[in-house]
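Here's the structure we're looking at; comments come further down.
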Amino acid sequence: MAIGGPQPHHNAICNRKYGFQSLGTHCLRYISPRAKEIIDSQKEGSSEQKVFHVAAFDLDDTLIKTKTGMKFSRSAEDWKWWNENVPEKVVNWLEQPIPADTPANTSKVVVVFTNQGSVVNTAKPTTPSKSLDTLIEKLNQIANSPALAGVPLLAYAATRKGAADKKAGLGSSPELHDEFRKPNSGMWKQLQHDLAPGTPALNSISHWLGLPTKIFRLRRKAMSLPHTFNEKVPLAIIGGTGLYKLDSLIPVAKVTVSTPWGHPSSPITISKTASGMPIAFLARHGQTHNLLPSDVPSQANIAALKSLGVKIIIAFSAVGSLQEHIRPRDFVIPNQIIDRTKGIRKSTFFEKGFVAHAGFGDPFDEKIGGIIAETCNDVLVNESGVHDGRHKLHSKSRDGDDLTLICMEGPAFSTRAESKLYKSWGGSVINMSCIPESKLAREAEIAYQMICMSTDYDAWREDAEPVTVETVVGNLKSNSRNAHLLSERLIDVLEPLIKSGEIGNDLQGSMKMAVSTSENGRDKDVLEKMHFLFPGYWPVDYQTR
C-alpha cells in the first residue's frame with residue numbers, strides 16, 4: 001500500500017492556524033517549525049544523505065495523562081505530563097551527543113504516534129469536527145509548551161471517518177484507515193516519507209518508547225536479528241547505488257549464506273510483509289558500497305538467493321541515459337542487454353567438466369516488466385513529494401520500442417566517443433551492474449527484472465559536461481526516494497501474483513536439458529557445486545573423473 005500519496009486537506013480553522021494537516025480522513029499530521037527546518041536542510045544541503053536518529057513515543061499514558069483522572073480527556077485542556085520529568089528527559093535526549101560511530105550528518109527528531117479512534121476526521125474542509133478541533137488544540141498546547149520549546153517534533157494521529165462520510169463513500173479507504181492504526185505501520189511509513197523517502201532512520205540507535213505494539217516489539221527484536229531463517233523466500237530485491245535497505249518492511253532475520261562460490265556482497269536481510277510473505281534484500285555493492293562493479297561476487301549473490309528459495313529478483317541500478325527523452329531522475333524498465341564487459345567477471349556457474357548453455361534471447365522477465373509498467377507509473381514523485389508526471393517510468397509497452405541496457409566494465413565512465421557509439425547502436429541506458437547478474441539469474445532459473453534509475457546523460461551530449469560522481473550523487477537522492485516508493489508498490493502488487501503462482505515459475509526446470517557434457521564425462525567437483533543450486537537435477541553417480 002503506497003503511503004504518503006494523498007495530498008493534505010484542511011478541516012478546520014485551527015487546522016490552518018496551527019499548521020496541522022489532514023492527509024485524508026485516516027491521519028492527522030503535525031511538523032514543528034524546528035523539525036521542518038531540519039527536513040528542509042537535508043533536502044537542500046549537501047549530496048550526502050542525511051540520517052535521522054528518532055525517539056518515538058505514544059501520546060496517552062506515555063507523554064501525557066488526563067488532569068481529571070478519566071481514561072479519555074474531556075477537553076483540550078484536560079491533560080498534564082505523565083510525570084514532571086517527561087519534558088526534561090526529552091530535552092536531555094536531544095542534548096546528548098550522537099554516538100561517535102554514526103554518520104556526521106545525523107539529526108535527532110522526536111515523534112509521537114497515537115491512535116485516536118474517537119476523533120472524526122471529515123472529508124470535506126467545510127464540515128466541522130469538534131473532536132478533531134479538540135485534538136488539534138491539545139496537540140498544539142503540548143507542542144508549544146515552554147518545556148518543549150524548539151524541539152524538532154513530528155506527530156501523527158490515526159483518526160476515524162465519520163458516519164456521513166462513510167454513507168457518502170467519501171474519505172480514505174477502510175484499508176488505509178486500518179494501515180494507519182497501530183500496531184500496523186502506516187504512520188511509521190508516513191514518517192519515513194516526510195523525512196524524505198530513502199533517508200534512513202537508524203533503528204539501532206533510535207528509541208521506541210511507549211509503543212506497546214507490534215511495531216515496538218518487532219523493531220526492538222530487529223536490533224538482534226536471528227542469523228537463520230527456515231521458510232522459503234520467494235522474492236528478492238537487489239539494491240544498487242542509493243538503495244541499501246528496505247525501510248518500509250520490518251526485518252525478521254539477517255543471514256550470511258556460504259556458497260560454493262563464496263559469500264555474497266552483504267548479509268541478506270529477510271523481512272515479512274503484513275500478510276507474512278518473506279522478502280530478501282541484498283546490497284549489491286556491500287552495505288557501505290565498498291565493492292567495485294568488477295568485484296561484486298555475483299555468483300555468490302545469486303547462489304545465496306537461490307538457496308533461500310528465491311524465484312523472482314527485482315534489481316535496482318543507477319544508470320546513465322543514452323537518449324534525450326530519458327531524462328535524469330526518470331526510471332526505465334529495460335527489455336534487452338548489450339554486454340560490453342571485458343570477461344573479467346565470472347558470468348556462468350558452469351565450467352570445464354560440466355558444460356551447459358542457457359537461453360538468453362530475452363534477458364529480462366517480460367511478464368514482470370509489464371506488471372511494473374502497468375501498475376507503477378503513478379508512483380514517481382518530484383522533489384516536493386508530488387506526482388506531477390515530471391519523472392517518467394519508461395518501458396517497451398509504454399514507449400513502443402526496445403529499451404536496451406548497455407552494461408560496461410567500469411569503474412570509469414564512458415568517453416564521449418564510446419557514449420556516442422552506444423547511442424548509435426540504439427542503446428537506451430548504460431550501467432555497470434546487470435552483467436553477469438542477469439545471466440547468472442537465468443542459469444539459476446530465477447525470473448529477473450532490473451529497474452534502472454537515470455542519474456545523468458552519460459557523455460554523448462556535446463553541450464554538457466561529461467558525467468561526474470557529483471552529478472550522479474545529486475540525482476541519486478531523488479532516485480532513492482522514488483526507488484523506495486516503487487519497491488513498496490511493487491511488493492503490494494507482486495505478492496498476490498506470487499502466492500497464486502502466476503509469476504516466478506516460467507523458468508523452473510529449464511536447465512535440466514541445457515547440459516551438453518555426456519553423463520560419463522561430468523566432473524565430480526563441478527557436479528557437487530551444481531547440487532547447491534539444483535539438488536537432484538543431475539546425479540553424481542555417472543561421473544567418471
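Reminder that position 247 of the sequence shown reads as 247 in full-length UniProt numbering, one-by-one numbering, no gaps. Virtual Cβ for every residue (Gly too), placed ideally from N, Cα, C.
Residue environment, residue i, which counts as buried when at least 16 other CB atoms sit within 10 Å
i: Q96; result: exposed
i: T68; result: exposed
i: I372; result: buried
i: P330; result: First, the residue type needs correcting, since residue 330 is Asp and not Pro in the sequence shown. Classification of D330: buried, given that the 10 Å Cβ count is 16 or more.
i: A514; result: exposed
i: S41; result: exposed
i: I39; result: buried
i: H325; result: exposed
i: K130; result: exposed
i: S258; result: exposed
i: M187; result: buried
Which residues DSSP lists as bridging residue i, in chain order
i: C452; result: S317 and V332
i: Q21; result: R29
i: T106; result: V51
i: L282; result: I238
i: K512; result: DSSP, once it has assigned bridges, lists no residue as partnering K512.
i: W81; result: I64
Separation of residue j from residue i, as counted between CA atoms
i: I430; j: F316; result: 13 angstroms
i: A55; j: P152; result: 11 angstroms
i: L154; j: S271; result: 26 angstroms
i: S414; j: W425; result: 15 angstroms
i: K306; j: E366; result: 20 angstroms
i: A76; j: S275; result: 38 angstroms
i: S484; j: S419; result: Reading the sequence as shown, one finds His at residue 484 and not Ser. Roughly 29 angstroms separates the two Cα atoms.
i: A123; j: D194; result: 22 angstroms
i: residue 555; j: A304; result: The shown model of the chain, from 1 to 545, leaves out residue 555, and the question about it has no answer.
i: I268; j: T127; result: 50 angstroms
i: I250; j: E179; result: 14 angstroms
i: A444; j: K108; result: 44 angstroms
i: A464; j: R416; result: 11 angstroms
i: R345; j: K439; result: 11 angstroms
i: N520; j: I491; result: 45 angstroms
i: S487; j: G501; result: 20 angstroms
i: S518; j: A356; result: 11 angstroms
i: S118; j: A158; result: 10 angstroms
i: T348; j: R481; result: 34 angstroms
i: A149; j: A168; result: 42 angstroms
i: L405; j: D378; result: 23 angstroms
i: T288; j: L476; result: 16 angstroms
i: D172; j: Q116; result: Checking the sequence shown, residue 172 turns out to be Ser, not Asp. Each residue's Cα considered, the two are about 16 angstroms apart.
i: R160; j: D399; result: 42 angstroms
i: S510; j: K499; result: 21 angstroms
Residue i, enclosing beta strand (DSSP E) - first and last residue
i: H193; result: Not the beta strand (DSSP E): H193 falls in the alpha helix (DSSP H), residues G186 to L195.
i: I250; result: I250 to V255
i: L235; result: L235 to G239
i: T159; result: L153 to R160
i: K272; result: I268 to K272
i: T404; result: T404 to M408
i: S395; result: L393 to S395
Neighbourhood of residue i by C-beta, 8 angstroms cutoff - its chain only, sequence neighbours within 5 removed
i: S145; result: P87
i: P411; result: L292, P293, S294 and M432
i: E374; result: S397
i: C14; result: With a pLDDT of 37 at C14, under the threshold of 50, the modelled position of that residue is not reliable, and no figure is offered here.
i: I368; result: I312, I314, A447, Q449, L494 and I503
i: residue 547; result: Because the chain is modelled from 1 through 545, residue 547 falls outside the range shown and cannot be assessed.
i: I435; result: I337, D339, T341, R345, S347 and C407
Proximal residues to residue i (C-beta, below 6 angstroms), its chain only, five neighbours per side dropped
i: T241; result: A318
i: A253; result: L225, P226, F229 and I270
i: L176; result: H26
i: E437; result: S298
i: G210; result: Unreliable placement is indicated for G210, whose pLDDT of 39 sits below 50; no coordinate value is reported for it.
i: K342; result: E409
Close Cβ partners of residue i (< 7 angstroms) along its chain, the five nearest in sequence each way excluded
i: D525; result: none
i: W460; result: L322, R416, S419, K420 and K423
Residue i - containing alpha helix (DSSP H), residue span
i: L440; result: C434 to E443
i: R416; result: R416 to S424
i: Q299; result: S298 to S307
i: F532; result: K524 to L533
i: P183; result: Careful: P183 lies outside any alpha helix (DSSP H) and carries neither H nor E.
i: G427; result: Run containing G427: none in the alpha helix (DSSP H); it sits in the beta strand (DSSP E), G427 to N431.
i: A168; result: A163 to A168
i: S275; result: First-last for S275: undefined, no H or E at that position.
i: W93; result: V86 to E95
i: Q141; result: K130 to A143
i: K367; result: E366 to T375
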